[in-house]
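S.K.: Please see the structure below; I have some questions.
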Amino acid sequence: MGVQRSLQINLANPDGVSNSTVVSNYRSLGATLFPNEDTSYTLGSGVATMQLSTDGENFVDSTFAISNSTQGKFAFDITTVHTIRFRTSTADGSADPAAEIAIYMQ
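Taken in order, the sequence shown gives residues 7 to 112; the numbers are from the working numbering.
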């Protein structure tokens, strides 16, 4: 895949939300989740669900979720999407508060 961006998400906080990124120039997206290298945390049972927006302001959950057991997904169609972000859909109090999400777009 082509262009890469990096986001952070707090998997320990049930209200955790990553920064958003504009994806309107791309057709397909992939993402991987991994612990922050600067800390000694693990991903635990935290789950990050991708949220989609067609206007950059109003977000809805997608079926795209990544976790410790599904650390990466690819070839997700984003042809009508303007902006994406991730939210913590399942929090784990001992999980990484600064987990990394690498996003690949083409």
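Cβ coordinates follow ideal geometry from the N, Cα and C atoms, glycine included. This structure is a prediction, so every number in the text was calculated from the model and none was measured.
1) I'd like the list of long-range same chain contacts for V53, defined as Cβ closer than 6 Å, with 5 residues on each side in sequence excluded.
2) Can you look up R33 in the DSSP assignment and give me helix, strand or coil?
3) Between which two residues does the beta strand (DSSP E) carrying Q57 extend?
4) What residue range is occupied by the uninterrupted beta strand (DSSP E) comprising G78?
5) What separation, rounded to the nearest whole angstrom, lies between the Cα atoms of G8 and I84?
6) Starting from D67 and walking both ways along the beta strand (DSSP E), at which residues does that stretch end?
7) Since A81 and S34 should fall inside the 8 Å C-beta cutoff, what is the C-beta to C-beta distance between them, to a whole number of angstroms?
8) Relative to the alpha-carbon of T55, which residue among T38, E43, Q112 and T69 has its alpha-carbon at the smallest distance?
9) Restricting to Cα atoms, I'd like to know which of Y32, G50 and T45 is closest to A18.
10) Between which residues of its own chain and T27 is the CB-CB distance below 8 Å, once the five residues before and five after are set aside?
M.R.: With the structure as the only source:
1) A71, S73, S95 and T96, listed in sequence order.
2) Note: R33 maps to coil in three-state DSSP.
3) Where Q57 is concerned, the enclosing beta strand (DSSP E) stretches over V53 to S59.
4) Counting along the chain, the beta strand (DSSP E) containing G78 begins and ends at G78 to D83.
5) One C-alpha to the other measures close to 14 Å.
6) It spans V66 to S73 - the beta strand (DSSP E) in which D67 sits, taken as one unbroken run.
7) Right, the Cβ-Cβ distance comes to about 6 Å (below 8 Å), so this counts as a contact.
8) Of the residues T38, E43, Q112 and T69, the one whose Cα lies closest to the Cα of T55 is T69.
9) Ranking Y32, G50 and T45 by CA distance to the CA of A18 puts G50 first.
10) Cβ within range, chain order: R11, L13, T89, I90, R91 and I109.
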